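Accompanying notes for the structure given below.
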Amino acid sequence: MPSFKFLHAADLHLGTPFRGLAVKDAEIADRFARATRTAFSNLVEKAIEEKVAFVVIAGDVYDGEWKDSTIGLFFNREVARLDRAGIPVFLLKGNHDAESVVTRAITLPESVREFPTRKPATFRLDDLRVALHGQGFADRAASDNLAAAYPAPEPGWFNIGVLHTSLTGRPPHAPYAPCSPEELANRGYDYWALGHVHAFEIVSRDPAIVFPGNIQGRSIREIGEKGAVVVSVEDGRVASIDRLLVDEARWTSAAVDVTDAASLSDVLAAVQPVVEQAAEAAGGRLLALRLDLAGETELRRELVADRGRFVDEIQAACHRIHPDIWLEKLDVRGLRAPASAARGDPASGLDLDALLGGLLDDPETREVAEAAIAEVAARMPGGLGAGEDPLGAAADELLAEAREVLMSRAASRGG
Ligand SMILES: [Mn+2]
């Protein structure tokens, strides 16, 4: 049996509307938005370089119905490069690009073959003695165990099952095409090329059951290295599974301990090594970095109440380390004030902290506050940053922040 390598990718989500980066610079936001496409171009480049025998894409090539033909033309242009290099591509439709979801299409090169959605089918590569079995999604929700109907393995061939699934459940991913790793293993295939779950995971080695993850992180919920896997097959067996990183931009979150920080420069000193490490891990890529500040510090109130100044200073510190690191968010919820910190104004006998706490617990006050927040949120522009929380935080967080701002102002008036 010949030895060969193949590339397994999934969840390209081409055409994803971009959201969730609070950068003020539209050009930077645009670069993050383009990263998904560039990552796929990188993947094609590397597939050709690595001389893989074929490419498998296990669902969600597209994020949804095309706005226009741009994204379809882009995909055709890229797979045509694989076609000219003699590398066939096997495609499967997932929930995001199910037959009923993406209705527009562009004719792709003949060497690109797509699994049907009504029943499973098998594609054969005779020279390599490889059989690929798969069934795509007809509709967005696939509640049946699609794998149960996949054909028996081709005896003496290298059998690959291609499937878009969350197995027995991988929150937050919707539970589609449910099946257990044991059921897949019992099918008798050599490799299961899965898609849908955006985090890389080798679920099993014998047989190999693999989620390559998505090829490009698209928000702070998709952090770290992203790419595909290159699988080497020797003597009809999987010899190695290697990650092939193709992401163009990266999302990372890191904790910074600012315990006992007494000044801005103390905070910056704590931040610096964390950012340096993130920069090194990102390998020069465009990086969106979320920092979670934590620890007990007398600066807490100032950090919460005057967050904008700290955000600017930390952003500036990031740029001193690398020009392409952008502070995605400065999370200060993990900070604690020292137990000895003054509460309210003892001279007036007013415990402002307790008073505000009482107000936040009052249903009527909350209702008024939430209505005010909703009114502001509705006026925020769409597009960049327009996620579930257009203001970048839920009502609870915003109210807690407002409390800190008031406490801080009261403290500085008193002091
Ligand atoms: Mn999916």
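Just so you know, we're using this note's numbering here: the sequence shown kicks off at 414 and counts up by one. Glycine included, each C-beta is placed from N, C-alpha and C at the ideal position. Just so it is clear, the structure is predicted and the values come from calculations on it, not from any experiment.
Next item on the list: Would you tell me roughly how many angstroms separate the C-alpha atoms of ARG779 and LEU773, rounded to the nearest one?
Entry: 6 Å
Next item on the list: Give the range of the alpha helix (DSSP H) segment to which ASN489 is assigned.
Entry: 483-497
Next item on the list: Let me know the alpha helix (DSSP H) ranges lying completely inside the segment 417-478, each 4 residues or longer, listed in chain order.
Entry: 439-462
Notebook entry, point to check: Does any CB atom of chain D fall closer than 7 Å to the CB of ARG822?
Noted result: The question asks about chain D, but that chain is absent: this structure has only one protein chain.
Check: What residues match up with LYS742 in a beta bridge as DSSP calls it?
Finding: ARG703
Item checked: Spatially closest choice to ALA871 from PRO568, ILE636, LEU576, by CA coordinates -> Nothing can be reported for residue 871: it is not among the residues displayed for the chain, which extend from 414 to 828.
Checklist line | Cutoff 6 Å; reference PRO751; Cβ partners in own chain excluding five residues on either side | finding: These residues qualify, in order along the chain: GLU709, GLU711.
Item checked: Beta-carbon gap between VAL684 and ALA730 smaller than 7 Å -> Yes, Cβ-Cβ distance for VAL684 and ALA730 is below 7 Å.
Note to self: Can you tell me whether VAL781 is buried or exposed? The criterion is at least 16 other CB atoms within 10 Å of its CB, across all chains shown.
What the structure shows: Exposed.
Checklist line | Inter-residue spacing [alpha-carbon to alpha-carbon] between LEU495 and GLU440 | finding: 31 Å
Check: Beta carbon of GLY477: closer than 6 Å to some heavy atom of ligand 1?
Finding: no
Item checked: Three-way DSSP call (helix, strand, coil) for ASP837 in this model -> Residue 837 falls outside the range modelled here, since the chain spans only 414 to 828, and no answer is possible.
Next item on the list: Please confirm whether any heavy atom of ligand 1 lies closer than 6 Å to the CB of ASN508.
Entry: At least one heavy atom of ligand 1 is nearer than 6 Å to the Cβ of ASN508, so yes.
Checklist line | Cβ distance (whole Å) where SER617 is taken to contact TRP664 below 8 Å | finding: At roughly 28 Å, the Cβ-Cβ gap does not stay under 8 Å, so SER617 and TRP664 are not in contact.
Notebook entry, point to check: Quick one: what's got a C-beta closer than 6 Å to PHE624's C-beta in the same chain, skipping five residues either side?
Noted result: Cβ neighbours of PHE624 within its own chain (closer than 6 Å, five residues either side excluded): LEU607, VAL610, GLU614.
Note to self: So GLY640 and LEU658 are supposed to be a Cβ contact under 8 Å. How far apart are they, rounded?
What the structure shows: 4 Å
Margin query: I'd like to know whether the C-beta atoms of ASP705 and ASP744 end up nearer to each other than 7 Å.
Written below: yes
Next item on the list: Return the CA-CA distance between GLU783 and LEU768, expressed in angstroms with no decimal places.
Entry: 19 Å
Check: With which residues is ARG822 paired in a DSSP beta bridge?
Finding: Answer is none; ARG822 lacks a bridge partner.
Next item on the list: Give me the Cα-Cα distance between ARG816 and ASP766, rounded to the nearest whole angstrom.
Entry: 8 Å
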